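Notes to accompany the following structure.
In our numbering, the protein residues as written are 60 to 184.
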């Protein structure tokens, strides 16, 4: 969808469907993560500029965005733990679908990387 204030404020509301009408929950989850994480970073950078007179360069902004998205990826990975979160845990297939095609070196990861210990490679810059 085209971004405007309504889409940003309601970033968890859009429903994406396949051509057959099936909901694409992974894509919905990634859209919510992408928009909310990006807007939060924009807000933080703006506050730093206005309140601290600190101007961020393009390279710094890009690195901070990648770090924010990697943190969201790690959070999604941790939230799939049913032992820890019970019925509130995110469904593994939704997280796997959400990040499919986004991860670096995705072919070298196990099919279910959500329970892999260690650090995932992250997203492509």
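Note that CB positions come from ideal geometry on N, CA and C, so glycine has one too.
All figures in this text were calculated on a predicted structure; none of them were measured in a lab.
Between residue 132 and residue 149, the beta carbon gap of about 12 Å keeps them out of contact (Cβ cut-off 8 Å). Secondary structure of residue 138 (DSSP, three-state): coil.
Here residue 157 is buried: its Cβ has 16 or more other Cβ atoms, across all protein chains shown, within 10 Å. Per DSSP, reduced to three states, the secondary structure at residue 103 is helical. In the three-state reduction of the DSSP assignment, residue 82 falls in the strand class. Only buried fits residue 88, as 16 or more other CB atoms lie within 10 angstroms of its CB. Under DSSP, residue 143 shares a beta bridge with no residue. Counted as a single uninterrupted DSSP element, the alpha helix (DSSP H) harbouring residue 68 occupies residues 64 to 68. Shown here, residue 76 sits in a strand according to DSSP, grouped into three states. With a contact defined as Cβ atoms closer than 8 Å, residue 69 and residue 153 miss out at about 19 Å. Counting C-beta pairs closer than 8 Å gives fewer than three between the region 161 to 178 and the region 97 to 116, which falls short of the contact rule.
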